[in-house]
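In this note's numbering, the protein residues as written are 9 to 575. Here's the structure, in C-alpha cells; my notes come after.
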C-alpha cells in the first residue's frame, strides 16, 4: 500500500489526509477498546494423545486462556491415549525411561519399571486426564474427514465423522495432533488377504484372539516386530520372523542409567522416596532428561558418542548371537546405528536360541490361504502378524485444502517439507505437532510437545490481540529452512544409506522425519522465531487497528492500577 496518494487534487500522506478530515484507503474507525484486547478464538485440534492433552492443560491451567480460547478436540477413538490406546500388541513398551516419559506437569512416582509397558502408560494418561479434567474439550468417536480454508472468513471449515453422522464445525486455528506414526499400512505382498488364518497388523491388534500353541509368522524387524517376537515366543508352538534387511538391536536408551543396561522394576521403597521427596525425584528426572537430550550426539557422524554407540551395539549383538555367528553376519548392518530408528530389544536375539523360533531371510513371494510362500517352498501358519510399519509421508488423514486450493497430497508424497516441523506454507492458521523433520529420535518427545504448545499458543495470543486474520509461513522461508536442513543432516547418521521411514521409505536422499539439530536447538528456534518469515493478514485495512482507544487494559478509564509495573 502506498504511504501517500492524490486526495482532492493534492499529493498528501495518508496521515496528513486524516488530519485534514479525509479518509484515505487505509483509514479505519477507532476500535473502542484498549490496546491488545483479546478477541475470542476457537481452536480445533485433531487427536487426544499426549499432544492434544498437553494443549488442553496449557489452555485450561498453565496459561489460563480458557476465557479467550474455545478449544475442541476431536478424537477418532473411544478414549484418550493416541498411540498408547491403539498399540496393544504383545510386548508393547516405551524404549524411553519412564520417568522421562510423562506430562511435564505431572511427574509419576509410581512407575513400575525403568522402561514402562504400554498398558501402564495408557493407564497413566487416563489417570492424569481424570485428575485435571483434560478431556473436557474432547469429543470421542469423532474423526476429522475434511478441512478447508475459507479466505473470506479467515477460518477453517471442518467436517467430522461422528459414528457415521457428519458434523460441520469451523475454527480460527486448526491443529494436527494425530501423531507422526498414525496411519498403519499393510505390506504389499501378493495374496495377503487370501490367508484364511488370523491376519493382524501390530498396530491394530485383536485382543480376542488366543495365539497360545499356534504357528505364528511375524513379518518385519522394526520396533514392533522386535517387541512382538520375545513376547509371543514362550506361548506359541512355532514362530518364524520374516525379515528382509539387517538392523541394529541397539543398547537400551539411557542404558547407563539402567540396571546392568537392562530394564528393571522399581521397589516400593523407590516409589515411596519419589513420592515423599519431590526434589530427589526431580534430580532423577533431570538426569534422565539430560542423558536423553544428549543422545543427539550419538547420531552425529564421527562424534565420540556416535563411535562409542556403534562399538557398544556391535559388541552386544555379537555377544547375544554367539551360538549363531552366521546370523550375526546377516543381522549386523554396514550402516551406522541410528540410520534406521534405534531399536533396543532385550530378549529379541535371545528368542532365536529357542527351538520353536527361527528367522527367515528368504523373500516372501506370496501369501497363500494357509501360509507364506518363499523361493524355498511354502510354510503353514495359523497366524500372520504384519509388523510392517506406517505411512511416514506425514500427509494428514483427511481431505485437506488450504489457501488458493493448496494441497499436501502430492507435495508430501515423496519428500514432505515443513517449517520447524510446526507449519507449512499455503495452510494459514494451521499448526502441527511432530510434522516433517521433528525432534523425535534424539530428545524428550513429551518435552518438545510442550514447547510446541507454547509456540502455537504464542501465535494464538498474537492473532487474538493484534486483530490478525491469518498467519501463513512464507514459501521462501520454508524453502530456505529446508535447504539448510538437508545440508546439515548430511552430518548425521540419518543420512546414511539404509531404507528407513526417516527418509519416507527411501534408501538414500532427503531425510524427512528427523529434526536437523539438537532438541535444545529446536527450543531456541521456536522461542526466538521472527515475524519476518510470515505472511500476516489483518481483519481490517490497517494493521494497527488493534491499538484501539489509546488506553492500556490497566488504565480502566483512569480508575485502574496505573503503576502496576512497580512490584
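Where is the CB? At the ideal position from N, CA and C, for every residue including glycine.
Cutoff 7 Å; reference residue i; Cβ partners in own chain excluding five residues on either side
{"i": "residue 279", "result": "117 and 118"}
{"i": "residue 415", "result": "408 and 409"}
{"i": "residue 263", "result": "269"}
{"i": "residue 2", "result": "Here the chain covers residues 9 to 575 and nothing more, so residue 2 does not appear."}
{"i": "residue 461", "result": "62, 63 and 66"}
Anticipated Cβ contact below 8 Å, residue i with residue j, distance rounded
{"i": "residue 521", "j": "residue 457", "result": "With 8 Å as the limit, residue 521 and residue 457 do not qualify as a contact, their Cβ atoms being about 16 Å apart."}
{"i": "residue 224", "j": "residue 247", "result": "5 Å"}
{"i": "residue 55", "j": "residue 90", "result": "6 Å"}
{"i": "residue 178", "j": "residue 163", "result": "5 Å"}
{"i": "residue 420", "j": "residue 402", "result": "6 Å"}
{"i": "residue 69", "j": "residue 53", "result": "Not a contact, Cβ separation roughly 16 Å."}
{"i": "residue 536", "j": "residue 422", "result": "Their Cβ separation, rounded to whole angstroms, is 31 Å, which puts residue 536 and residue 422 out of contact at 8 Å."}
{"i": "residue 314", "j": "residue 561", "result": "Between residue 561 and residue 314 the Cβ distance is about 52 Å, and since that is not below 8 Å, they are no contact."}
Cα-Cα separation between residue i and residue j, rounded to whole angstroms
{"i": "residue 525", "j": "residue 519", "result": "13 Å"}
{"i": "residue 573", "j": "residue 165", "result": "42 Å"}
{"i": "residue 244", "j": "residue 221", "result": "4 Å"}
{"i": "residue 388", "j": "residue 232", "result": "23 Å"}
{"i": "residue 376", "j": "residue 392", "result": "11 Å"}
{"i": "residue 265", "j": "residue 296", "result": "8 Å"}
{"i": "residue 156", "j": "residue 575", "result": "47 Å"}
{"i": "residue 20", "j": "residue 38", "result": "21 Å"}
{"i": "residue 363", "j": "residue 99", "result": "20 Å"}
{"i": "residue 305", "j": "residue 348", "result": "16 Å"}
{"i": "residue 291", "j": "residue 303", "result": "19 Å"}
{"i": "residue 557", "j": "residue 564", "result": "11 Å"}
{"i": "residue 336", "j": "residue 369", "result": "13 Å"}
{"i": "residue 413", "j": "residue 490", "result": "23 Å"}
{"i": "residue 465", "j": "residue 73", "result": "9 Å"}
{"i": "residue 172", "j": "residue 431", "result": "31 Å"}
{"i": "residue 206", "j": "residue 142", "result": "37 Å"}
{"i": "residue 112", "j": "residue 326", "result": "38 Å"}
{"i": "residue 441", "j": "residue 338", "result": "37 Å"}
{"i": "residue 84", "j": "residue 285", "result": "39 Å"}
{"i": "residue 176", "j": "residue 122", "result": "44 Å"}
{"i": "residue 213", "j": "residue 106", "result": "23 Å"}
{"i": "residue 342", "j": "residue 477", "result": "52 Å"}
{"i": "residue 497", "j": "residue 92", "result": "30 Å"}
{"i": "residue 463", "j": "residue 534", "result": "6 Å"}
{"i": "residue 160", "j": "residue 49", "result": "16 Å"}
Sequence-distant residues of the same chain with beta carbon closer than 6 Å to residue i, five excluded per side
{"i": "residue 516", "result": "505"}
{"i": "residue 357", "result": "257, 328 and 329"}
{"i": "residue 475", "result": "546, 547, 553 and 554"}
{"i": "residue 46", "result": "76, 472 and 473"}
Member of the options whose CA lies at the smallest distance from the CA of residue i
{"i": "residue 320", "options": "331, 340 and 471", "result": "340"}
{"i": "residue 451", "options": "199, 412, 298 and 560", "result": "298"}
{"i": "residue 398", "options": "378, 192 and 212", "result": "192"}
{"i": "residue 367", "options": "419, 200 and 252", "result": "252"}
{"i": "residue 67", "options": "82, 51, 378 and 435", "result": "51"}
{"i": "residue 102", "options": "174, 271 and 159", "result": "271"}
{"i": "residue 551", "options": "83, 405, 473 and 384", "result": "473"}
{"i": "residue 544", "options": "564, 479 and 569", "result": "479"}
{"i": "residue 169", "options": "148, 417 and 95", "result": "148"}
{"i": "residue 94", "options": "109, 77 and 129", "result": "129"}
{"i": "residue 209", "options": "132, 435 and 236", "result": "236"}
{"i": "residue 96", "options": "120, 60, 240 and 282", "result": "240"}
{"i": "residue 197", "options": "190, 219, 463 and 228", "result": "228"}
{"i": "residue 250", "options": "379, 423 and 549", "result": "379"}
{"i": "residue 136", "options": "467, 311, 65 and 436", "result": "65"}
{"i": "residue 300", "options": "385, 172 and 527", "result": "527"}
{"i": "residue 76", "options": "513, 512 and 469", "result": "469"}
{"i": "residue 483", "options": "542, 260 and 314", "result": "542"}
{"i": "residue 529", "options": "454, 486, 446 and 494", "result": "446"}
Paired residues, beta bridge with residue i - DSSP
{"i": "residue 374", "result": "381"}
{"i": "residue 192", "result": "398"}
{"i": "residue 50", "result": "78"}
{"i": "residue 435", "result": "Per DSSP, none; premise fails for residue 435."}
{"i": "residue 388", "result": "379"}
{"i": "residue 207", "result": "392"}
{"i": "residue 508", "result": "514"}
{"i": "residue 446", "result": "522"}
{"i": "residue 409", "result": "156"}
{"i": "residue 368", "result": "250"}
{"i": "residue 150", "result": "170"}
{"i": "residue 454", "result": "Residue 454 is not bridged to any residue."}
Residue-chain proximity (residue i, chain B), Cβ-Cβ < 7 Å
{"i": "residue 147", "result": "The displayed structure is made up of one protein chain only, and chain B is not part of it."}
8 Å Cβ shell around residue i - same chain, five flanking residues per side excluded
{"i": "residue 153", "result": "167, 168, 169, 174, 406 and 407"}
{"i": "residue 36", "result": "548, 549, 550 and 553"}
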